[in-house]
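> Provided herewith is a single structure, encoded as structure tokens, for subsequent inquiry.
Chains as they are written, first to last, in the numbering used here: chain C, 42 to 537; chain F, 6 to 142; chain Y, 176 to 491.
Here it is in structure tokens:
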């Protein structure tokens, strides 16, 4: 099997399964999704050695090739994102199968979730669109995949028709659409200047003209809005907190990375000649502000899901530090650190949301006060949450630690003491709210009455959390893969 | 020297501004959706206005295909937005998003937790009659 | 002559801006929606003026037509509902928004004007390969051959919108209206329905060498479906749900089958063999038109045309 065929498979399998799932009944659709997930996991894992061997691969869909047709571009970064999508996807699918299934004992009080049948085709479309996003080489095609991801995500947020979720979904919709419009305007300007929307060709032809600079600004702002960078993060906490738990895991773990992936592609591959130190500094400062603000807000929350959602706002801030740290000799270091961090975060945040979901199911609410003493009843899920927290805090040997360590090293080498301090501060703040949540559950005075939770829903988050924690040990292959097609050291032009 | 294409492109830019203002400033959700459509149409207008700059006069068709795709995507987004709005109205009787960002977990009712200060009694009764799962998972 | 063109262009642009403002500022939502539909009609003229007849057709059908119909059906519910409790009007947040726009639009204008006066774009490549591509209508060639992958994803986007409508609105919101009869509407639909079917088929077939194609044709079919439902001539819920589901997925399914099928001929995904390109495009477009028709009609009704049969729990 070639790398190109694996990539095509990763797009076609979920789409085809979505079509079939639409027609099937819910149980069969769930089984089909699990099977499709398994196939995708196999495809993405076999992609890795192929890419390591061949380097970055270009594939002309419909045979025409850029600039006339659409090319797929599969490099190390794509492969890493595909792998994390597959693994988190499979895990979430298994969890969702239990989440949406009605309990076998109706007397135990587990009511079926209405509209569960719509989950499977929507989730498969989301999954396929994410895969398509990570391998596309054409900016307009990326716009369409991004829209597919957003719309499927919106439909999933509003799936259970709860008021808070609907309002949150609408807020997200308007924010995301404004972001898409800005991005599309950028494409218009770029096509008008260079007669192509293929990002590799653009990277070769881009010059520092007025229209190009405007396009860069518009696209980065639009995508930053979609990635919920402070201060454009207002839509994220309600949307991720009020969605059903498996959906929250996917949104925070994967969807956010999609638009961020696009910013990386634009910044390092299309606009390296155009971006300035000032722009990089601005993004990094906003990232630092996001870390502090997100963590402080997370501390204030009484609802666990909101706390985890604000934690996402903070962790997104870490991702944006790369735009100032990946310059000169620290490029590789910052690049590796950021992607490693994103990779670990997908696992950790997924585990966090899934375990919070299981615990909320047990108690009937996600408010911290109702969780006192829960550890005595649901030790597995609490342990999973704690373990996920370990990676979020950045403690060794977790993947989060590796990511933060690399970023810290890059910051120190670059002389950015402020950023280094913020990175450490973020870790401290995260540990405060994680500890507070976990210690509350150990309170033995108030042991709550719990409802039965399906076994899968307890153990799956633990598996994911273990992945996040043990990632630190297995980063060798990850870093090797990331070097394939990694951007050359960026030298930012000093406007002065 | 302003060409015809430039005129339409600038018109598109102005429409983009109007539409963006509408999305941010209008309170009624349906009006926001109209503004969203206005915005996307303006971007398409700019794209096509730029496509007639060919020296021999016949247009460049690639932007046409992109805009056609864009029109369909924008329709899908509109339809999805209207579905969400309809459902929100059925649940709360409101056509606007609340001012207060919905983080206030002390409000006990579902509508209250979403930030709506007016609890529509009818819709609450209807919802519990639907028998949907109301726990927070 | 050129002055006349300039006057036309200025009138078009002026009317677009005017109607856009009207749509946002009119307090009555019905009038605002009507302004928006009028805006759509002006856009049709604009596309025609900018030498984009395919877009004019699509805008008329989708932009002004279906979008306008969707908005009107929601606005009807708005008018029926109780007037909202008076919210305190907040104007202060318009100021920073307004400032942002006032900065953004001139910047955009300057960027646009800075683009070169003449640019070929990809026009030449498109023309060069159009014979191999299987369609002389260049827009169809691009949509269904050069950039067919985009079109595939776009159909998936439509499907997601329908699925969302199903799960949120749950179909058949028109069921209360069949008792009313509108003789003028019924008579009109009786005359127009067969014409619409023929026109839809024509637009589909002619799309390979003249403006037209799957989207416009699908829209015509959807409009027919909506009209039939509104006039009560054929209740849409008589369509069987399984058939409806199959029609919904037919377009995307055929696209994927063709795309993967050609891979067995040692070609790339969606790379049609040149001698079969026009046939494949026609098949994909036909399936697409059928799907788009059902999708758009379903969107109008709230996600599901067919009434759900009893005892069918847990299906999407």
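Using N, Cα and C, we set each Cβ at its ideal position, and we do this for glycine too.
1. Have a look at residue 359(C) and residue 472(C) and give me their C-alpha separation to the nearest angstrom.
2. Using alpha carbons as the reference points, say which of 215(C), 109(C), 93(C) and 106(C) lies closest to residue 32(F).
3. Along the alpha helix (DSSP H) that carries residue 451(Y), what are the first and last residues, could you check?
4. Starting from residue 297(C) and walking both ways along the beta strand (DSSP E), at which residues does that stretch end?
5. Could you tell me whether any Cβ in chain C is nearer than 7 Å to the Cβ of residue 322(Y)?
6. Taking only runs that begin and end inside the segment 99-132 of chain C, name each unbroken beta strand (DSSP E) of 3 or more residues, in chain order.
7. Taking Cβ-Cβ distances below 9 Å as the criterion, which residues of the segment 167-181 of chain C are in contact with chain Y?
8. Straight-line CA distance for residue 407(C) to residue 499(C)?
9. Under 7 Å, Cβ to Cβ, is there at least one residue of chain C near residue 312(Y)?
10. If you drop the 5 nearest sequence neighbours on each side, which residues of the same chain put their C-beta closer than 6 Å to that of residue 110(F)?
11. Would you list the one or two residues that DSSP bridges to residue 33(F)?
12. Let's test the definition: count the other Cβ atoms within 10 Å of the Cβ of residue 272(C) and tell me whether it reaches 16, buried, or not, exposed.
13. At a cut of 8 Å, does the segment 508-524 of chain C reach the segment 10-20 of chain F through at least three beta carbon pairs?
14. Which residues of chain F have a Cβ atom closer than 9 Å to the Cβ of residue 280(C), listed in chain order?
15. So for residue 129(F), helix, strand or coil by DSSP?
16. Here's a check: name, in chain order, each residue in its chain whose Cβ is nearer than 7 Å to the Cβ of residue 61(C), leaving out the five neighbours to either side.
17. From the DSSP output, which residues share a beta bridge with residue 344(C)?
18. Hey, how far is the Cα of residue 276(C) from the Cα of residue 270(C)?
19. Can you list, in chain order, the stretches of the alpha helix (DSSP H) that have 4 or more residues and sit fully within the segment 248-296 of chain C?
20. Note down, in chain order, each residue of its chain lying with its Cβ closer than 6 Å to the Cβ of residue 131(F), except the 5 sequence neighbours on either side.
21. Which of the three DSSP states is assigned to residue 229(Y) in this structure?
22. Residue 356(C) CB to nearest chain Y CB: under 7 Å?
23. Three-state secondary structure (DSSP) at residue 246(C)?
24. Any beta carbon of chain Y sitting closer than 7 Å to that of residue 228(C)?
25. Decide if the segment 73-88 of chain C is in contact with the segment 116-133 of chain C; the criterion is three or more beta carbon pairs, one per stretch, under 8 Å apart.
26. So what's residue 471(C) in DSSP terms, helix, strand or just coil?
27. How about the segment 387-394 of chain Y and the segment 454-465 of chain Y: do they share at least three Cβ pairs that are nearer than 8 Å?
28. Our contact map puts residue 162(C) next to residue 59(C) with C-beta atoms below 8 Å; I'd like the distance itself, whole angstroms only.
29. Give the C-beta separation of residue 454(Y) and residue 406(Y) to the nearest angstrom, bearing in mind that I take them to be a contact with Cβ-Cβ under 8 Å.
30. Among the residues of its own chain, which have a CB less than 8 Å from the CB of residue 329(C), if the five just before and after it don't count?
31. When burial is assigned at 16 or more other CB atoms within 10 Å of the CB, is residue 358(Y) buried or exposed?
32. Spell out whether any CB of chain Y is found under 7 Å from the CB atom of residue 117(F).
33. Please state if the CB of residue 491(C) and the CB of residue 418(C) are separated by a distance shorter than 7 Å.
34. With residue 268(C) and residue 297(C) assumed to form a contact (beta carbons below 8 Å), what rounded beta-carbon distance in angstroms separates them?
35. Less than 7 Å between the beta carbons of residue 311(C) and residue 240(C), yes or no?
36. Could you check if residue 506(C) belongs to the surroundings of the ligand ZN, using beta carbon to heavy atom distance under 6 Å?
Walking through what the data contain:
1. 16 Å
2. 215(C)
3. No alpha helix (DSSP H) contains residue 451(Y), which DSSP labels as neither H nor E.
4. Boundaries around residue 297(C) are those of the alpha helix (DSSP H), 297-306, since no beta strand (DSSP E) includes it.
5. yes
6. 111-115
7. Cβ proximity to chain Y below 9 Å picks out 167, 169, 170, 173, 177, 179 and 181 from the segment 167-181 of chain C.
8. 16 Å
9. no
10. In this prediction, residue 110(F) scores a pLDDT of 38, lower than 50, which makes its location untrustworthy; no coordinate-derived value is stated.
11. 101(F)
12. exposed
13. no
14. Chain F residues near residue 280(C): none, gap ~10 Å exceeds 9 Å.
15. Low local confidence applies: a pLDDT of 40 at residue 129(F) is under 50, so the model's placement there is unreliable, with the coordinate-based value given in what follows. Residue 129(F) falls in the helix class under three-state DSSP.
16. 73
17. The partner list for residue 344(C) (beta bridge, DSSP) reads 408(C).
18. 10 Å
19. 251-267, 277-283 and 286-291
20. Note on residue 131(F): pLDDT 38, under 50, position unreliable in the model; the coordinate value appears next. Here the set comprises nothing.
21. helix
22. no
23. Reduced to three states, the DSSP call for residue 246(C) is helix.
24. no
25. Short answer: they touch.
26. helix
27. yes
28. Contact between residue 162(C) and residue 59(C) holds, since their C-beta atoms are separated by about 5 Å, short of 8 Å.
29. Incorrect: roughly 37 Å between the Cβ atoms, too far for contact.
30. 358, 362, 459, 460 and 463
31. exposed
32. At residue 117(F), the pLDDT of 45 sits below 50, so the modelled position is not reliable and the matter cannot be decided from this model.
33. yes
34. 6 Å
35. yes
36. Ligands displayed in this structure: none; no statement on the ligand ZN is therefore possible.
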